[in-house]
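Going by my numbering, the first residue of the sequence shown is number 25, and it counts up by one from there. All remarks here apply to the structure that follows.
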Amino acid sequence: RGRPRRRPAGRRPGARARALARGALAAAAQARAAGV
């Protein structure tokens, strides 16, 4: 019981940024597909 918990279990700080990046990537891919 002596080990420190640095980050809260489950959610990590980079998750939102990664999700946002993936969303932007998906949007770009869709736009390209629609444009062609």
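Even glycine gets a Cβ: it sits at the ideal position worked out from N, Cα and C. Predicted model, so just to flag it, every value in this text is computed and none were measured.
In whole angstroms, give me the CA-to-CA distance for residue i and residue j.
i, j, result
"LEU49", "GLY59", "15 Å"
"ARG65", "ALA39", "Given that the chain is displayed from residue 25 to residue 60, the structure contains no residue 65 and the question cannot be resolved."
"ARG27", "ARG42", "28 Å"
"ALA57", "PRO37", "32 Å"
In three-state DSSP terms, what is residue i?
i, result
"ARG30", "coil"
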